[in-house]
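Numbering (my numbering), first residue to last: 3 to 127.
Note that the Cβ used here is the ideal one computed from N, Cα and C, for glycine as well.
Please read these numbers as outputs of a predicted model, since none were measured by experiment.
To start, the structure itself, in structure tokens.
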């Protein structure tokens, strides 16, 4: 079993890969690049996202933090769900301006997720 520091390094590394692949897929879709339909990138992206989610759950297990007690964590989870939803809608969207808008909103969610993870200070609650 990994200690907290090692698990956090794994989690942050997976986050970096996940965000990079998210932008690769989103920008490929916006600019109609050939990587849009690349099955390997699609599978790699979802595999990394799954590992990222599992590493986050492992960190919760190690710290025994409760989202109902730690409001910053509740906000982070809400932002994560919104980010996933925006990514899903972005993948289905064909209108270029809506794609840009959804990408900007997803970027805002990512920024808020990172802010909450670093400061552990709630913004909305």
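{"Item": "Distance, residue 85 Cα to residue 116 Cα", "Value": "12 angstroms"}
{"Item": "Of the residues 105, 108, 121, 12, the one placed nearest residue 74, counting alpha carbons only", "Value": "121"}
{"Item": "Environment of residue 33 [buried if 16+ CB atoms lie within 10 Å]", "Value": "exposed"}
{"Item": "Residue 94 classed as buried or exposed, judged by whether at least 16 other C-beta atoms fall within 10 angstroms", "Value": "exposed"}
{"Item": "Continuous alpha helix (DSSP H) assignments of at least 4 residues falling wholly in the region 48-83", "Value": "none"}
{"Item": "Spatially closest choice to residue 3 from 27, 57, 107, by CA coordinates", "Value": "57"}
{"Item": "CB of residue 111 within 8 angstroms of CB of residue 92, strictly", "Value": "no"}
{"Item": "Residue from 20, 106, 37, 82 whose Cα sits closest to the Cα of residue 50", "Value": "20"}
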